[in-house]
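Trainee:
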Amino acid sequence: MNNVGEATRICCPSSCVLPSFSIDCASVKLLKGESLDDLIEYYGPSSVDAKRIRILRALNSGRPEDALDDAESILNDESASWRDLVLVAELNIASSKDATSLLVKSAKLNPRSSRVFFLLGRTLCRKNPPKARSCLERAVKIRPTNEEYVRALDDVYCEVGESVEQRLALLNGLCAYRKPLWLRKRLAELCKAKQDWDTVISELQHIIRESPDDIGSWAGLAEAYSSRGNLQSSVKAYERLLGISPESDYAICLIQVLMRMHNLDEAAKRCDQWRSNHRGNSVLKKAVDVLDAQVHLRLFDNSVGEERYEHLKMAFNLLDIVISERPRISLAYKLAADALFRASKFQDEFMLSVGIPSSWSISCRLSAIRSTVMFYSVALHLNQENPWAWNDLAVALLYSSHLNKSSEDAVKALECLRKALGLCKCSQMRSHFWTLIAEAERLSTVEEARNNASSSAALQQHYLVRALQLNKANDEAWLRLALLYYTNGAMDKSHMAIETALKHNPQLAEAWCAWALKADLEGIIDESMDLFRHSISIKPIASAVMKYTAYLCQTMESSRFDPATVMIDFNKVLQLRDGIEAKDKDLLLHMGWLQWISSAKSAIESRPSCCQSCGALKNLGLLCAFSTEELFTILKEEQPLYKNLFEQLTAPNAEELQELYNAHSKLISVPLVVAAIIRFELPISDQAVTVLHDVLPRHELIDVFPTVMPEEMDNGLKYVEQDGEEPFRYSHYVAKPLWEVLRKCRDQLQSDE
3 MNNVGEATRI
13 CCPSSCVLPS
23 FSIDCASVKL
33 LKGESLDDLI
43 EYYGPSSVDA
53 KRIRILRALN
63 SGRPEDALDD
73 AESILNDESA
83 SWRDLVLVAE
93 LNIASSKDAT
103 SLLVKSAKLN
113 PRSSRVFFLL
123 GRTLCRKNPP
133 KARSCLERAV
143 KIRPTNEEYV
153 RALDDVYCEV
163 GESVEQRLAL
173 LNGLCAYRKP
183 LWLRKRLAEL
193 CKAKQDWDTV
203 ISELQHIIRE
213 SPDDIGSWAG
223 LAEAYSSRGN
233 LQSSVKAYER
243 LLGISPESDY
253 AICLIQVLMR
263 MHNLDEAAKR
273 CDQWRSNHRG
283 NSVLKKAVDV
293 LDAQVHLRLF
303 DNSVGEERYE
313 HLKMAFNLLD
323 IVISERPRIS
333 LAYKLAADAL
343 FRASKFQDEF
353 MLSVGIPSSW
363 SISCRLSAIR
373 STVMFYSVAL
383 HLNQENPWAW
393 NDLAVALLYS
403 SHLNKSSEDA
413 VKALECLRKA
423 LGLCKCSQMR
433 SHFWTLIAEA
443 ERLSTVEEAR
453 NNASSSAALQ
463 QHYLVRALQL
473 NKANDEAWLR
483 LALLYYTNGA
493 MDKSHMAIET
503 ALKHNPQLAE
513 AWCAWALKAD
523 LEGIIDESMD
533 LFRHSISIKP
543 IASAVMKYTA
553 YLCQTMESSR
563 FDPATVMIDF
573 NKVLQLRDGI
583 EAKDKDLLLH
593 MGWLQWISSA
603 KSAIESRPSC
613 CQSCGALKNL
623 GLLCAFSTEE
633 LFTILKEEQP
643 LYKNLFEQLT
653 APNAEELQEL
663 YNAHSKLISV
673 PLVVAAIIRF
683 ELPISDQAVT
693 VLHDVLPRHE
703 LIDVFPTVMP
713 EEMDNGLKYV
723 EQDGEEPFRY
733 SHYVAKPLWE
743 VLRKCRDQLQ
753 SDE
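In short: position in the sequence shown from 1, add 2, done, that's our numbering.
1. Buried or exposed, going by whether 16 or more other CB atoms sit within 10 Å of the CB of W184?
2. Among L554, S539, F534, which has the Cα closest to the Cα of S545?
3. Would you call the region 220 to 227 and the region 236 to 244 in contact, with 3 or more CB pairs under 8 Å?
4. Since I209 is in the alpha helix (DSSP H), which residue starts that stretch and which ends it?
5. Please name the residue in F377, P389, S446 whose C-alpha comes closest to that of L405.
6. Is the region 415 to 434 in contact with the region 370 to 390, if contact means three or more CB pairs nearer than 8 Å?
7. Is the number of C-beta pairs between the region 365 to 380 and the region 395 to 410 that are closer than 8 Å three or more?
8. If we count the other Cβ atoms within 10 Å of its Cβ and call it buried at 16 or more, is Q168 buried or exposed?
9. Indicate the three-state DSSP secondary structure (helix, strand or coil) for D749 in the structure shown.
10. Among F318, E308, V324, which has the Cα closest to the Cα of A289?
11. So what does DSSP say about E309, is it helix, strand or coil?
12. Can you name, in chain order, every residue of its own chain whose Cβ lies under 7 Å from the Cβ of L243, other than the five neighbours on each side?
13. May I ask you to report which of helix, strand or coil DSSP gives L354?
14. Taking 8 Å as the threshold, find out whether the region 96 to 103 comes into contact with the region 131 to 138 through three or more Cβ pairs.
15. Alpha carbon to alpha carbon, what distance is there between H280 and R272?
16. Do you know how far the Cα of R180 is from the Cα of R745?
17. Look at the Cβ atom of A1, then the Cβ atom of L481, and state whether they are nearer than 9 Å.
18. Using a Cβ-Cβ cutoff of less than 8 Å, which residues in the same chain neighbour L400 once the five nearest sequence positions on both sides are dropped?
19. Please name the residue in V672, L647, C555, K347 whose C-alpha comes closest to that of E661.
20. Mark S245 as exposed unless 16 or more other C-beta atoms lie within 10 angstroms of its C-beta, in which case mark it buried.
21. Is it the case that the Cβ atoms of D477 and H506 are separated by a distance below 9 Å?
22. For the alpha helix (DSSP H) that contains L669, what are its first and last residues?
23. Are the Cβ atoms of G175 and T201 separated by less than 9 Å?
24. Applying the 10 Å Cβ sphere with the 16-neighbour rule, what's the burial state of L751?
25. Which term fits M353, buried or exposed, when burial requires 16 or more other beta carbons within 10 angstroms of its beta carbon?
26. CB I209 to CB K187, shorter than 9 Å?
27. Between which residues of its own chain and A521 is the CB-CB distance below 7 Å, once the five residues before and five after are set aside?
28. What does the alpha-carbon distance come out to for the pair S98 and L126?
29. How many whole angstroms separate the CB atoms of L320 and A295, which I take to be in contact at a CB cut-off of 8 Å?
30. Taking the straight line between their C-alpha atoms, what separation do you get for L740 and P214?
31. Mind reading off the beta-carbon distance from N664 to V306? Whole number of angstroms is fine, and I expect it under 8 Å.
32. Assess, as a yes-or-no matter, whether the region 74 to 86 is touched by the region 58 to 65 under the definition of 3 or more beta carbon pairs within less than 8 Å.
33. Quick one: what does DSSP say C515 is sitting in, helix, strand or coil?
34. Is it true that the CB of I57 sits closer than 9 Å to the CB of V90?
35. Should N304 be labelled buried (16 or more other beta-carbon atoms within 10 Å of its own) or exposed?
36. Mind checking A171: buried by the 16 CB within 10 Å criterion, or exposed?
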């Protein structure tokens, strides 16, 4: 039988057909939308089959009351089968009548009918849930691929709180070629509970192909992408959702994903757009204002120059609006404390100009840190089970103790940190708390340093060792341990601790500064200068700036001064001007000299003609007028070292090149050498390349030019890289654009191969 049309044309004598045949024929006609009158006429209006057909028509039309008499007549017929009982039971269910007795009787007549147990299970759902569950499970066991039965049983499982694994086993048993939408949605929901994001994404992608305007599915897909780490895909999904419904509040979720991507400018833009489109919802507006304040605080941390202070002002303005309504939002008070904590690092005069609300009654740094402690306390009151809330309060108290030179706040911080330890089980978090406990111990004994110095140092060492036992990659703990050894004269242990800290975090500027100070104390001038410069290039520190500038002034008149090596990003250094360290006039003097050195090169590059009349810059201005070839000739004439170097680079035998570099490594500018090789296409032998990698193993330019390191060579770094660690490399501020271009070329070359 190929179609429903053929089925309706089959006519057999009524004595030859099964009782269910009339029902099947009627069902086919209903599927085609045809009338059942001719079928009723065929069987005879008063026949049992006609009564069955009229009951079926009443169920299909939603008017069960039209067939109540026929149902009563069938029940009074002694020849009624179990199928007739099921049919009448369905009519009673549709009429809100009790059908339990009919279904139980039918189940006794045919215990293998899945339909009977399905209807019985639905009937008993409210009266006897355990019995209903048993009936539905039996129906599914008889027909495990029936969508209606499986869906009803899953509804029962959901109500009783059955495990995700059992529900998934039930739904996956359907094995449908084309899964219905309800099934895909439930699978996505259950897999989300298991954090099986691949399956969630797969199911939701199928759903949106069939229902491209399903906002809930787009939102679920965006959330799944975000949880799996595909943040860009999550952003695209949220943008598609907002394209369907521009007024949707899912814009807030998009802002949070943009913040995770560190796309802070776009996040701030989205916050402004949301406020312009939603002016009535005050609750959501608070949430957006809090997110926007968080965005501007991060922009303040990442920006350089006057622009960063505008972000801080914007954060204060937003937080003032939110906090004025006294919301029970712990994050709002935490962000207010974070903003004040940042402002308290400025000088008093400058701090009052960054937009702190007048209602907060801030007059100096001490009042700012007191208000910071107050805001952190409010945030903690609203979120007492969060160990990070205790941590924030402890950090503020430690800074207050540092400013006041008092041990009282340090003791309070110690109590907070011990409370935080009791709330967390993560070893990394506990390691962090033990590190701060060591600092609290140090500050709590400042007033009694002379009497309890040895016992305090022993306690600090104990706390730091405990932190490292929990997390050996805790670079801050290694650094504090190094400083503890340094102040107590254990120089060898201090050096080992500094190296370990840098191994775990090469961007730890304080560790580079500590290493530089140790080298300075030991009289290793060249190494100390390089380390100070590298520390400043990562993060300017007052002591590093002063020491580094002093070294530069000493080398200005010597052949060791190399502007291509010493140039740094002065805009970062300039941020120290507004900090509390700027009260030291010596620091301002050193910053002034460093600024002059940094700006001289920029002035020459931007206006070489004006250098002709600028006294000290006159000779440099004359050099700017020469061509590249002339400058190369002058370099070799005035600096015999470079002439000899370029000759050795192009020589077949590179043994003398290695001797030359070992003897004069501090006097040779690597960016200048690399630039000359590129500009004048100097032929470099393989042996010369090997020498460059050998004598300059940590220079980032040599990593990308002139060629990759030979496979048989060991420069002491490749095994570190194979372990997944990033070794420290020397870099030059001036050569940064050149390095970026060469790195792109190198990556492109390797991808083509």
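By construction, the Cβ of each residue, glycine as well, lies at the ideal position given by its N, Cα and C atoms. Being a predicted model, the structure only gives us computed values, none of them experimental.
Mentor: By the coordinates alone:
1. Along the sequence shown, one-based indexing puts residue 184 at 182. W184 comes out exposed.
2. Counting from 1 along the sequence shown, the entry for residue 545 is found at position 543. Nearest of L554, S539, F534 to S545, Cα basis: F534.
3. Look at the beta carbons and you see the region 220 to 227 touching the region 236 to 244: at least three pairs across the two are nearer than 8 Å.
4. If you number the sequence shown from 1, residue 209 lands on position 207. Counting along the chain, the unbroken alpha helix (DSSP H) around I209 starts and ends at 199 to 212.
5. The residue given as residue 405 occupies position 403 in the sequence shown. The alpha carbon of L405 has as its nearest neighbour, out of F377, P389, S446, the alpha carbon of S446.
6. Result yes; three or more Cβ-Cβ pairs closer than 8 Å.
7. Contact holds: three or more Cβ-Cβ distances are below 8 Å.
8. Translated into the one-based positions of the sequence shown, residue 168 becomes position 166. The residue in question, Q168, is exposed, as its Cβ has fewer than 16 Cβ neighbours within 10 Å.
9. As a first step, residue 749 is located in the sequence shown; it is residue number 747 there, counting from the start. Assignment of D749 by DSSP, reduced to helix, strand and coil, places it in the helix class.
10. Here the question's residue 289 lines up with position 287 in the sequence shown. Of F318, E308, V324, the residue nearest in Cα terms is V324.
11. Taking the sequence shown and counting its residues from 1, one reaches residue 309 at position 307. Three-state DSSP puts E309 in a helix.
12. Translated into positions along the sequence shown, residue 243 becomes position 241. Correct list, in chain order: I217, W220, A221, A224, S250, Y252.
13. Walking along the sequence shown from the start, residue 354 turns up at place 352. In the structure shown, L354 sits in coil (DSSP, three-state: anything other than H, G, I, E or B).
14. The region 96 to 103 makes no contact with the region 131 to 138: fewer than 3 CB pairs, one atom from each, lie closer than 8 Å.
15. Locating residue 272 in the sequence shown gives position 270, where the first residue counts as 1. Locating residue 280 in the sequence shown gives position 278, where the first residue counts as 1. Spanning the two alpha carbons is a distance of roughly 12 Å.
16. Numbered from 1 along the sequence shown, position 743 holds the residue referred to as residue 745. Numbered from 1 along the sequence shown, position 178 holds the residue referred to as residue 180. Going from the Cα of R745 to the Cα of R180 covers about 49 Å.
17. In the structure displayed, the chain extends from 3 to 755; residue 1 sits before or after that span and is not available.
18. What you label residue 400 is simply residue 398 of the sequence shown in a count that begins at 1. Same-chain partners within the cutoff: D411, A412, A415, L438, E441, A442, L445.
19. The residue labelled residue 661 in the question sits at position 659 within the sequence shown. Measuring from the Cα of E661, the nearest candidate turns out to be L647.
20. Stepping through the sequence shown from its first residue, residue 245 is reached at position 243. The question names Ser, but residue 245 in the sequence shown is Gly. Exposed, since its Cβ has fewer than 16 Cβ neighbours within 10 Å.
21. For this step, residue 477 is matched to residue 475 along the sequence shown. For this step, residue 506 is matched to residue 504 along the sequence shown. Cβ atoms of D477 and H506: closer than 9 Å.
22. Within the sequence shown, the letter at position 667 stands for residue 669. First-last for L669: undefined, no H or E at that position.
23. Residue mapping note: residue 175 aligns to position 173 of the sequence shown, counting from 1. Residue mapping note: residue 201 aligns to position 199 of the sequence shown, counting from 1. Taking C-beta atoms as the reference points, G175 and T201 fail to come closer than 9 Å.
24. Here residue 751 refers to the residue found at position 749 when the sequence shown is read from its first residue. Here L751 is exposed. Its C-beta has fewer than 16 other C-beta atoms within 10 Å.
25. Your numbering for residue 353 matches position 351 in the sequence shown. Answer is buried; the Cβ neighbour count reaches 16.
26. As a position in the sequence shown, residue 209 is number 207, starting the count at 1. As a position in the sequence shown, residue 187 is number 185, starting the count at 1. Going by C-beta atoms, I209 is nearer than 9 Å to K187.
27. On the sequence shown, position 519 is the one that residue 521 refers to. Answer for A521: E529, S530, L533, listed in chain order.
28. For the purposes of this step, residue 98 is taken as the residue at position 96 of the sequence shown. For the purposes of this step, residue 126 is taken as the residue at position 124 of the sequence shown. Rounded to whole angstroms, S98 to L126 spans 13 Å at the Cα level.
29. Numbered from its first residue, the sequence shown carries residue 320 at position 318. Numbered from its first residue, the sequence shown carries residue 295 at position 293. Right, their Cβ atoms sit about 4 Å apart.
30. Here residue 740 corresponds to residue number 738 of the sequence shown, with the count starting at 1. Here residue 214 corresponds to residue number 212 of the sequence shown, with the count starting at 1. Pairing L740 with P214, the inter-Cα distance amounts to about 47 Å.
31. Locating residue 664 in the sequence shown gives position 662, counting from the first residue. Locating residue 306 in the sequence shown gives position 304, counting from the first residue. About 38 Å separates the beta carbons of N664 and V306, which is beyond the 8 Å limit, so they are not a contact pair.
32. Using a Cβ-Cβ distance cut-off of 8 Å, the region 58 to 65 and the region 74 to 86 are not in contact, since fewer than three pairs of beta carbons, one from each stretch, lie closer than that value.
33. Taking the sequence shown and counting its residues from 1, one reaches residue 515 at position 513. Helix at C515.
34. To locate residue 90, count along the sequence shown from 1; it is residue 88. To locate residue 57, count along the sequence shown from 1; it is residue 55. It is a contact, given that the beta carbons lie within the stated cut-off.
35. By 1-based counting over the sequence shown, the position of residue 304 is 302. So N304 ends up on the exposed side.
36. The count along the sequence shown starts at 1 and reaches residue 171 at position 169. The residue in question, A171, is exposed, as its Cβ has fewer than 16 Cβ neighbours within 10 Å.
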